[in-house]
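According to this note's numbering, the residues represented by the sequence shown are 27 to 423, in order.
Cβ coordinates follow ideal geometry from the N, Cα and C atoms, glycine included.
Every value quoted in this text rests on a predicted model; they were computed, and no experiment measured them.
Please read the structure below before turning to the comments.
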Amino acid sequence: MAQPAPVLVAPARGRPVPLPPLHQPTAGPDHAPAPQLAPAAKWLLRLLVIGVAVGAPVLAFAGQRRVTVDVEGKVKQTATYATSATELLERKGVTARRADLVTPGRKNIEDGDRVVFRRAKSVRLVVDGDPRRVLARGLTVGEALHDLGLVPGPKDHVFPESGEKLRPTMSIFVRNAIHAKVRVDGRLRDVVSSADTVRNLLTQAGVAIGKNDYVFPARDTEPRDGMWIRVVRVRRIVTERSVRLPFEVVTHRDANMESGVRKIIQQGGEGLKVQRFSVLLEDGRRVSSTLLSERVLRPVRNHIVRVGVKEPAFKGGGGSQEGVASWYAGDGMVAAHRTLPIGSIVRVTNVDNGRAVNVRITNRGPFMDGRLIDLGDDAFQRLAPLGKGTIRVKVQS
27 MAQPAPVLVA PARGRPVPLP PLHQPTAGPD HAPAPQLAPA AKWLLRLLVI
77 GVAVGAPVLA FAGQRRVTVD VEGKVKQTAT YATSATELLE RKGVTARRAD
127 LVTPGRKNIE DGDRVVFRRA KSVRLVVDGD PRRVLARGLT VGEALHDLGL
177 VPGPKDHVFP ESGEKLRPTM SIFVRNAIHA KVRVDGRLRD VVSSADTVRN
227 LLTQAGVAIG KNDYVFPARD TEPRDGMWIR VVRVRRIVTE RSVRLPFEVV
277 THRDANMESG VRKIIQQGGE GLKVQRFSVL LEDGRRVSST LLSERVLRPV
327 RNHIVRVGVK EPAFKGGGGS QEGVASWYAG DGMVAAHRTL PIGSIVRVTN
377 VDNGRAVNVR ITNRGPFMDG RLIDLGDDAF QRLAPLGKGT IRVKVQS
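Structural data, given as structure tokens:
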């Protein structure tokens, strides 16, 4: 059966007229009805669409990892598809060289890893005075030493300090602590130090050194293990002392006074002076002193005596003796005899030349066998030269 032609209807002004649907099915033997999906198939199709919509982003981010990146102390959190630490650093613009430190060292990085990069730096390392050039990795001097396998002890010396930032071409000094014995202030001390000189070792040990103190060995000597160090305390002090000044006996000969007569003109008296000394002490022991000045507090008064040298008058009338005469130091015409009265006057004659002298007995003697009388030197010289020593005389009393 032929289909009827469509009827065109002009729309009224201002009102839309709906058009017939396209591909509208018609009944007939050449047009079968469209197949319909079962409800279960529809739900399966819907689940598949939802799964694709949700799973596509998950699949897209399945290879991404969140890690912490530490490049020379600068730390950042980042998400990456890189599989290794080296690849991640390259994506960050950091090219690692063979000597640089990159961790973790395994090939694949995992979610939550910490990627650390430290550039190797050429530094000058001086250990106990032995310099060498090394490659060190780390942010600080302490990390660099640890990287080099050096772990300084609490008494070891590190300069610059361990916390200072590591810089290329810098010099790092390490001194291992040594044991030394220090004798100071009367004590022997055991000292552990990493100082580079004896002076600094003593400073670390709390031993103050004065400008005049002696240090053996010298203060600039490099300490060695087992070294003995001696500190001598040196002090200069000023002291004073009083000194007694003895007086002298001054004799004036008086020809108008009879020999043997003595008269004191001035009584003697000691003087007194004060001396100031600069004294050098080593560990409290006096080693030298220098006179700085002296001041007289009381002058000396000499003992002045007037001695008569006039030959005494001989009266005679007594007995006489002959024998040997010797001499002694005596002022004036005086003599010594064992038995004649003190103060008596005798006449002594040299039997060899006939010379004679009158003397007063003022002392006892001589006490040597074979001697008769001892003459004062003034009296002896009138009879014979002093060089003769003894002469034979006649003594009249």
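Taking DSSP as the reference, what is the three-state secondary structure of residue i?
| i | result |
| --- | --- |
| Ile255 | strand |
| Phe406 | helix |
| Thr104 | strand |
| Val326 | coil |
| Leu165 | coil |
| Ile368 | coil |
| Arg332 | strand |
| Leu48 | Confidence in Leu48 is poor, its pLDDT being 40 and thus under 50, which makes the residue's placement unreliable; the coordinate value appears in the next sentence. Reduced to three states, the DSSP call for Leu48 is coil. |
| Ala67 | helix |
| Lys420 | strand |
| Arg117 | helix |
| Leu318 | strand |
| Lys191 | strand |
| Arg250 | coil |
| Pro411 | coil |
| Arg144 | strand |
| Arg72 | helix |
| Thr112 | helix |
| Val35 | Here the model assigns Val35 a pLDDT of 34, short of 50, so the residue's position is not dependable, and the following value carries that caveat. It is coil, neither helix nor strand. |
| Gly343 | coil |
| Arg312 | strand |
The beta strand (DSSP E) spanning residue i covers which residue range?
| i | result |
| --- | --- |
| Phe303 | 297-308 |
| Gly349 | 346-354 |
| Asp280 | 275-284 |
| Arg386 | 382-389 |
| Lys289 | 288-292 |
| Thr94 | 91-97 |
| Phe242 | 240-242 |
| Val128 | 127-129 |
Below 6 Å CB to CB, which residues in the same chain sit around residue i once its five sequence neighbours on both sides are set aside?
| i | result |
| --- | --- |
| Glu320 | Lys299, Gln301 |
| Ser315 | Phe303, Val305 |
| Gly168 | Ser188 |
| Thr416 | Val350, Ser352 |
| Gly256 | It is worth fixing the name first, because residue 256 is Arg in this sequence and not Gly. Excluding positions up to five away in sequence, the list reads Arg209, Phe242. |
| Phe87 | A caution first: Phe87 carries a pLDDT of 49, below 50, which makes its placement in the model unreliable, though a value can still be read off. For Phe87, where only same-chain residues beyond five positions count, there are no Cβ hits under 6 Å. |
| His329 | Phe273, Val275, Gly294 |
| Val217 | Ala206, Val208, Ala231 |
| Glu308 | Val258, Val260 |
| Arg288 | Val331, Val333 |
| Ala53 | Reliability of the predicted coordinates at Ala53 is poor, the pLDDT of 46 falling under 50, and the value obtained from them is presented with this limitation in mind. Nothing listed; no residue qualifies. |
What does residue i pair with, by DSSP beta-bridge criteria?
| i | result |
| --- | --- |
| Asp216 | Lys207 |
| Val160 | Val149 |
| Arg267 | Gln301 |
| Phe199 | Val152, Phe185 |
| His172 | Partner(s): none; His172 has no beta bridge. |
| Asp400 | Ser352, Ala362 |
Taking the alpha carbon of residue i as the reference point, which residue from the options has its own alpha carbon closest?
| i | options | result |
| --- | --- | --- |
| Asp357 | Pro186, Val335, Val421, Thr106 | Val335 |
| Arg145 | Val128, Arg159, Leu151 | Val128 |
| Val208 | Asp280, Asp251, Pro194 | Asp251 |
| Arg117 | Arg124, Arg262, Thr104, Asp126 | Thr104 |
| Phe393 | Val160, Asn379, Ile76, Tyr354 | Tyr354 |
| Leu114 | Arg124, Ala125, Gly99, Pro130 | Pro130 |
| Asp139 | Pro367, Gln90, Val233 | Gln90 |
| Thr112 | Val93, Arg92, Ala405, Val141 | Val141 |
| Arg327 | Val120, Leu271, Arg288 | Leu271 |
| Arg324 | Leu171, Ser370, Glu296 | Glu296 |
| Phe340 | Val322, Gly369, Leu317 | Gly369 |
| Thr247 | Asn226, Ile235, Arg261, Ala231 | Asn226 |
| Gly391 | Val269, Val153, His363, Glu308 | His363 |
| Gln422 | Gly396, Leu366, Asp403, Arg397 | Leu366 |
| Ala244 | Arg259, Ala281, Val224, Asp96 | Val224 |
| Asn282 | Arg332, Lys414, Lys102, Ala234 | Arg332 |
| Arg262 | Asp239, Glu284, His278 | Asp239 |
| Arg397 | Arg418, Gly212, Ala405 | Arg418 |
| Leu151 | Ala405, Thr195, Ala203, Arg279 | Thr195 |
Spatial neighbours of residue i within its chain, please: CB distance less than 8 Å, with the 5 preceding and 5 following residues excluded, ordered by chain position.
| i | result |
| --- | --- |
| Arg381 | Thr375, Arg408, Leu409, Ala410 |
| Lys420 | Ser346, Gln347, Glu348, Val374, Thr375, Val377 |
| Leu214 | Lys207, Val208 |
| Gln50 | With a pLDDT of 46 at Gln50, under the threshold of 50, the modelled position of this residue cannot be trusted; read the value that follows with caution. No residues qualify anywhere along the chain. |
| Leu165 | Glu98, Gly99, Arg144, Lys191, Leu192 |
| Val101 | Thr94, Val95 |
| Arg267 | Val300, Gln301, Phe303 |
Over the uninterrupted alpha helix (DSSP H) stretch that includes residue i, give me the two end residues.
| i | result |
| --- | --- |
| Gln230 | 224-230 |
Going along the chain, which residues of its own chain have a beta-carbon closer than 7 Å to the beta-carbon of residue i, five neighbours each way excluded?
| i | result |
| --- | --- |
| Met253 | Ala206 |
| Ser110 | Lys133, Asn134, Ile135 |
| Gly40 | At Gly40 the pLDDT is 40, less than 50, meaning the model places this residue with poor confidence and gives no usable figure here. |
| Arg201 | Asp154, Asp182, His183, Ser220, Asp222 |
| Val322 | Gly297, Lys299 |
| Phe185 | Phe199 |
| Thr265 | Phe303, Val305 |
Distance cutoff 8 Å, beta carbons only. Does residue i sit that close to anything in chain D?
| i | result |
| --- | --- |
| Pro272 | The structure shown contains no chain D, having only a single protein chain. |
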